[in-house]
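**Q** Dropping a structure here in structure tokens format, bear with me for questions.
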């Protein structure tokens, strides 16, 4: 009999369900369903909670059918794990079970006007930002009558996506469990990371690429624009482990933008071929600040730019510049982590769909000047959640002891460029200048009549 772990993985634009063998970490079966995002206004990003649950149910049905075809009894499933977009915010009616508004996605910028420096960052580990759940909840209470009325009559339930899925799957309005975990709670801006509990003072205010570095059982408060977050807490009596985190709003989504918005390619996989055909951006820089800049800048008013265009520039160079953008944003966060921790990172471990792009992995190693390690099974996030679910109290089908962890083979990308060479230093400096330029876009917009002069002044300010 195989002991199986059942896993829901909610990504930015899809729901995925994966089943792992708890003895070998083998992926037994999986199914994935795309979910739609809507953009009602500029800067707004929403998802339909009903569609999320329909996709979850479809994934369950299709995956169970696949297990039956493999002659695997679904009763062998011993645990269910959920991982999700942590800051995406939902409110629903506990009596009817109906969502009171669409889910407001973590990328959404509608709360920019309500973001004020009201709360001491050292309680939450977070800066006040449109990114986190509390300001989205404040917007819902202030702008959606159904949410406000449900709140006054004590019918409103608030949660991140994991809360919504778990509540629905455990009975919904008929006794569903309303819960979350510390890693999600710590991203709401309502959770005190020191007491490991909801903070009454914080609650009264009602207020894309992610890099995490484990800092152990003591939180490290960043001086360089990073987030202090709860990495995990494995057991009621076990200490919480913390992490420094850097969040990039647009990383892999830049490829989707080139495909869907610009029509440059038919599929995301074509980007690697386009970029590899030229092997350079030819002086072109692409800063995809579509939703502002997150770590380490936290500048929601920043907007994307493409610089360095010439008559020679073509879509191949833009594709290469898009991949470089992911790498440069990663470098900015890694530099901040090294400064906060005082211990330089010696290698970067990666996972996710974009890691199948070999050119991107090599570019990342070259720009960071350290090895990049990619597991042959790219979705290690899913495996990690499955292992945590299997090790939970009362389940115990998976040991997290270092000596008993499954071996995951990896591919290693070594830097192929001199870290002291002029190319790395100049390109990194130019990227930094382009990023700061995105934060001056508002200056250009506010001086429309004289925009050429303002733009020239901004450009001259950033000339190397």
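Residue numbers (mature numbering (1 follows the signal peptide of the UniProt record, and there is no 0)): -17 to -1, 1 to 447.
Even for Gly, the Cβ is constructed at its ideal location relative to N, Cα and C.
Do you know how far the Cα of residue 36 is from the Cα of residue 155?
**A** In a straight line, the C-alpha of residue 155 is about 11 Å away from that of residue 36.
**Q** Can you tell which of 209, 248, 271, 280 has the C-alpha that lies nearest to the C-alpha of residue 235?
**A** The shortest C-alpha separation from residue 235 is found at 271.
**Q** Take residue 359 as the anchor and find which of 334, 229, 393 has the nearest alpha-carbon.
**A** Comparing Cα-Cα distances from residue 359 to each of 334, 229, 393, the minimum goes to 393.
**Q** Under a three-way DSSP split, which group does residue 188 fall into?
**A** Any reading at residue 188 is ruled out, since the residue's pLDDT is 34, under 50, leaving its predicted position unreliable.
**Q** Verify whether the separation of the beta carbon atoms of residue 323 and residue 206 is less than 8 Å.
**A** Their beta carbons are under 8 Å apart, which means residue 323 touches residue 206 by this criterion.
**Q** Would you check if there are 3 or more beta carbon pairs closer than 8 Å linking the segment 220 to 232 to the segment 251 to 263?
**A** Because the criterion of three Cβ pairs below 8 Å is not met, the segment 220 to 232 and the segment 251 to 263 do not touch.
**Q** Between which two residues does the beta strand (DSSP E) carrying residue 75 extend?
**A** Counting along the chain, the beta strand (DSSP E) containing residue 75 begins and ends at 72 to 76.
**Q** Measuring only the C-alpha atoms, how far is residue 147 from residue 43?
**A** Looking at the two C-alpha atoms, the distance is approximately 16 Å.
**Q** Return the CA-CA distance between residue 161 and residue 6, expressed in angstroms with no decimal places.
**A** For residue 161 and residue 6, the distance between alpha carbons rounds to 31 Å.
**Q** Sort 14, 356, 58 by Cα distance to residue 345 and report the nearest one.
**A** With distances taken between Cα atoms, residue 345 lies closest to 356.
**Q** Just grab the DSSP bridge partners of residue 140 for me.
**A** Its beta-bridge partners are 75.
**Q** Relative to the C-alpha of residue 62, which residue among 389, 371, 382, 388 is closest?
**A** The shortest C-alpha separation from residue 62 is found at 371.
**Q** I need the straight-line Cα distance from residue 34 to residue 396, nearest angstrom please.
**A** If I take the Cα positions, the gap works out to 39 Å.
**Q** Assign residue 199 to one of two classes, buried (16 or more other C-beta atoms within 10 Å of its C-beta) or exposed (fewer than that).
**A** Classification of residue 199: exposed, given that the 10 Å Cβ count is below 16.
**Q** Report all residues from its chain with a CB closer than 7 Å to the CB of residue -5; omit the five preceding and five following residues, and keep chain order.
**A** Cβ within range, chain order: 17, 18, 20.
**Q** What three-state label does DSSP hand residue 267 in the structure shown?
**A** Here residue 267 sits in coil by DSSP.
**Q** Taking Cβ to Cβ, would you say residue 181 is nearer than 8 Å to residue 194?
**A** No.
**Q** For residue 167, which residues in the same chain have their Cβ closer than 8 Å to its Cβ, ignoring the five residues on either side in sequence?
**A** Excluding residues within five positions, the ones whose Cβ falls inside 8 Å are 67, 69, 143, 145, 146.
**Q** Given this structure, state the Cα-to-Cα distance separating residue 298 from residue 326, to the nearest angstrom.
**A** Looking at the two C-alpha atoms, the distance is approximately 39 Å.
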